[in-house]
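S.K.: Submitted below is the structure of interest, expressed as structure tokens.
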Amino acid sequence: QVVHGCQAGCQRQREAMEVEARVIQEPSSMAGNRTSDNHTPAVPTLLELCCRTVDSLTIINLDNALDVLHFGRSHSIPALIQRGEAFIVNSFSGLTTKHSSDTLAAVIGEPSYSRLRREA
């Protein structure tokens, strides 16, 4: 439910990425935020904060694991991708009872699906 309920957060994430792109293109606008050693401060971006929040609030189970992985990949959330992949590897036999082989192969990729199938 968390995955499907964060459409507003995704919109904010896209907006944050657009702002970041403009800042990268116009680095002089950030000159006032630089430290004495000419580096930008270590403050997380809005995108990073959103990704951390989505990752920390997402509960992965057999029903939503494929959706979580797809969401993480679609929105480039590395921590969520890593958690989703780890859950799929560790719970593969349970996932095969919940999802069709075609769906599993499509989401995790045919090579990974074949490898997990052999190891199961």
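First residue of the sequence shown? That's 292 in the numbering used here, and the numbers climb one at a time after it.
We put the beta carbon where it would ideally sit given N, CA and C, even for glycine.
These numbers were taken from a predicted model, which means no experiment stands behind them.
Using the rule of at least 16 other Cβ atoms within 10 Å of the residue's Cβ for burial, across every protein chain shown, is valine 334 buried or exposed?
M.R.: Position 43 of the sequence shown, counting from 1, holds the residue named residue 334. Answer is exposed; the Cβ neighbour count stays below 16.
S.K.: Going along the chain, which residues of its own chain have a beta-carbon closer than 7 Å to the beta-carbon of valine 398, five neighbours each way excluded?
M.R.: To locate residue 398, count along the sequence shown from 1; it is residue 107. Closer than 7 Å at the Cβ level, and outside the excluded window around valine 398, lie Leu357, Leu360, His361.
S.K.: Whole angstroms is fine: what's the gap from proline 369's alpha carbon to glycine 363's?
M.R.: Here the question's residue 369 lines up with position 78 in the sequence shown. Here the question's residue 363 lines up with position 72 in the sequence shown. Proline 369 and glycine 363: Cα-Cα distance of roughly 7 Å.
S.K.: Can you tell me whether glycine 375 is buried or exposed, with buried defined as 16 or more other CB within 10 angstroms of its CB?
M.R.: Stepping through the sequence shown from its first residue, residue 375 is reached at position 84. With 16 or more Cβ atoms within 10 Å of its Cβ, glycine 375 is classed as buried.
S.K.: Give the secondary structure of leucine 353 by DSSP, where H, G and I count as helix, E and B as strand, and everything else as coil.
M.R.: Within the sequence shown, residue 353 is the residue found at index 62, counting from 1. Here leucine 353 sits in coil by DSSP.
S.K.: Along the chain, where does the alpha helix (DSSP H) containing alanine 411 start, and where does it finish?
M.R.: Indexing the sequence shown from 1 puts residue 411 at position 120. It is not in any alpha helix (DSSP H) - alanine 411 carries neither H nor E in the DSSP assignment.
S.K.: Taking only three categories from DSSP, how would you classify serine 405?
M.R.: Looking up residue 405 in the sequence shown gives position 114. Serine 405: helix per DSSP, three-state reduction.
S.K.: State the start and end residues of the unbroken alpha helix (DSSP H) segment that holds serine 347.
M.R.: Against the sequence shown, residue 347 aligns to sequence position 56. First-last of the alpha helix (DSSP H) with serine 347: 337 to 348.
S.K.: At what residues does the alpha helix (DSSP H) containing isoleucine 379 begin and finish?
M.R.: Sequence index remark: in the sequence shown, residue 379 carries index 88 (1-based). Element bounds for isoleucine 379: 369 to 381.
S.K.: Between the Cα of asparagine 352 and those of Glu401, Arg406, Thr394, Phe383, spot the shortest distance and give me the residue it belongs to.
M.R.: The sequence position of residue 352 within the sequence shown is 61, counting from 1. The shortest C-alpha separation from asparagine 352 is found at Phe383.
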